[in-house]
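Using the UniProt record's numbering, the letters of the sequence shown map in sequence onto residues 1 to 316. Beta carbons are placed, not taken as given, at the ideal position from N, Cα and C, and that holds for glycine. Keep in mind it's a predicted model, so treat the numbers as computed, not measured.
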Amino acid sequence: METWLTEKFGLSVPVAGAPMANVSGGNLTGAISAAGGLGMLGAGSAVSAEWIRTEGAVAAATGRPYGIGLMAWSMANRPEHLEAVLELRPALVSLSFGDYSQYVETLQAAGIVVATQAGTVADAREAIAAGVDVIVARGAEAGGHGRNAIATLPLLQAILDLTELPVLAAGGISGPRGLAAVLAAGAAGAWIGTAFLTCAEALTPEPIRRRLLEADETDTVYGTVFDAASRAGWPDEFGGRALRNPFYDRWEGHESALKSDDAAHEEYLTAVRAADSTASSLYAGQGVGALTTQPTAAEALATFATYTTYLQAAQP
Ligand SMILES: Cc1cc2nc3c(=O)[nH]c(=O)nc-3n(C[C@H](O)[C@H](O)[C@H](O)COP(=O)(O)O)c2cc1C
1 METWLTEKFG LSVPVAGAPM ANVSGGNLTG AISAAGGLGM LGAGSAVSAE
51 WIRTEGAVAA ATGRPYGIGL MAWSMANRPE HLEAVLELRP ALVSLSFGDY
101 SQYVETLQAA GIVVATQAGT VADAREAIAA GVDVIVARGA EAGGHGRNAI
151 ATLPLLQAIL DLTELPVLAA GGISGPRGLA AVLAAGAAGA WIGTAFLTCA
201 EALTPEPIRR RLLEADETDT VYGTVFDAAS RAGWPDEFGG RALRNPFYDR
251 WEGHESALKS DDAAHEEYLT AVRAADSTAS SLYAGQGVGA LTTQPTAAEA
301 LATFATYTTY LQAAQP
């Protein structure tokens with residue numbers, strides 16, 4: 001099936017691999033693009049511009065289009081991130097979570113397609129006003145940071161009714177059935193993160209892979225505990241969806257105290273460095289229950305490519 005997404009970037013599967021900080025480096029990004037999707041580098045607020053350049057070059061080496069996801073809330077303090085991205089000139093850049101309107105024209109003038117993730121219809125209206133090229137309807141089921149306001153399906157339908165712009169669906173699309181569903185609704189493709197978390201090329205450390213493979217669909221929780229512990233600077237309006245663990249349980253409801261607790265901050269950082277799944281953040285969406293293997297990105301994408309079976313099955 002051809003959609004705006006496949007035609008714009010020459011893809012064989014209407015899937016963008018969502019940008020995922022600490023997970024989608026150059027290898028995963030390049031592997032998704034090489035297999036016919038659109039891989040995206042996850043540039044978290046803490047990475048250096050050098051990291052973006054190096055990992056972007058790895059992704060670009062496939063010769064296929066790829067994207068980069070930047071954290072809008074951190075861009076004012078990290079102008080070097082935008083500079084590195086403008087040097088690399090990826091096919092697509094997403095600016096999510098914070099005010100990004102001032103950067104849209106600069107990127108488009110460099111020939112880059114601009115996306116943003118909207119968690120409400122109000123976010124989508126702002127995206128249209130800011131002049132983005134494509135809107136990602138990101139529902140509350142999604143892994144990682146964003147809003148917890150509305151589930152993917154009602155959000156997707158409302159945004160499709162709102163705009164003529166291409167819309168991608170994100171949140172809880174864990175296999176080809178979900179991809180078929182959002183395409184049938186009118187999305188130009190899906191923006192998928194969690195399903196790629198245990199791919200061979202992902203940066204996900206081994207102990208965290210094991211925990212993700214064990215988890216079922218009820219194991220995630222949405223909140224700001226890990227942001228209070230990390231002190232990375234996330235605005236409070238954007239929490240994150242992650243697997244529940246003992247650290248989360250201990251601090252849930254005490255986020256204000258956690259923000260100024262130096263010992264807990266150190267404990268969290270140590271856990272992240274050691275990939276200790278009992279105290280590190282384990283960002284994942286509700287689709288985590290579908291993760292049972294550690295495929296290559298090409299294998300994961302080949303599974304998504306069977307969505308046509310489910311679209312045909314829906315025809316009379
Ligand atoms: C581990 C992880 C890290 C993420 N990091 C980023 C990021 O750096 N930038 C971003 O725009 N979105 C990030 N996200 C959100 C994804 O772009 C996307 O909204 C989400 O993965 C889609 O839902 P799904 O996980 O159910 O497929 C992250 C998600 C996960 C699971």
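The secondary-structure analysis by DSSP pairs residue 242 across a beta bridge with 221, 283.
Closest option to residue 248, judged by alpha-carbon separation, among 90, 94, 264: 264. Residue burial is scored here from C-beta neighbours: residue 78 has at least 16 other C-beta atoms within 10 angstroms and is therefore classed as buried.
Leaving aside the five residues that flank residue 255 on each side, the residues in its chain whose CB is nearer than 7 Å to its CB run, in chain order, 224, 225, 228. A Cβ-Cβ separation of about 6 Å places residue 91 in contact with residue 66 under the 8 Å criterion.
Taking the Cβ atoms as the reference, residue 28 lies roughly 5 Å from residue 202, within the contact range of under 8 Å. By the neighbour-count criterion, in which 16 or more other beta carbons inside 10 Å mark a residue as buried, residue 71 falls on the buried side. Distance from the CA atom of residue 215 to the CA atom of residue 289, rounded to whole angstroms, is 6 Å.
For residue 213, the uninterrupted alpha helix (DSSP H) segment begins and ends at 206-214. For residue 56, the uninterrupted alpha helix (DSSP H) run begins and ends at 49-60, by DSSP. For residue 113, the shortest C-beta to heavy atom distance toward ligand 1 is 8 Å or greater.
With 16 or more other CB atoms across the displayed protein chains lying within 10 angstroms of its CB, residue 40 is buried. In this structure, 204 is the residue among 260, 110, 204 with its C-alpha nearest to the C-alpha of residue 294.
Contact check for residue 120 against residue 95 fails: the beta carbons are separated by 9 Å or more. Contact between residue 171 and residue 25 does not hold, since the beta-carbon distance rounds to 23 Å and is not under 8 Å.
Rounded to whole angstroms, residue 298 and residue 217 show a C-alpha spacing of 24 Å. For residue 234, there is no enclosing beta strand (DSSP E), as DSSP gives it neither H nor E. The closest CA to that of residue 1, considering only 109, 122, 182, 192, is found on 182.
Rounded to whole angstroms, the separation of the alpha carbons of residue 166 and residue 12 is 17 Å. Rounded to the nearest angstrom, the gap between the Cα atoms of residue 291 and residue 142 is 14 Å. Residues of the same chain with a CB within less than 6 Å of the CB of residue 138, apart from the 5 flanking positions on each side, are 117, 119, 146, 170, 171 in chain order. At a cut-off of 8 Å, the beta-carbon of residue 197 counts as near ligand 1: some heavy atom of the ligand is closer than that. For residue 243, the closest C-alpha among the options 206, 4, 213 is that of 213. DSSP places residue 308 in the helix class (H, G or I) of the three-state scheme. Counting along the chain, residue 180 sits inside the alpha helix (DSSP H) bounded by residues 176-185.
With a cut-off of 8 Å, the C-beta of residue 138 is classified as near ligand 1, since at least one heavy atom of the ligand falls inside that distance. DSSP lists 69, 115 as the bridge partner or partners of residue 94.
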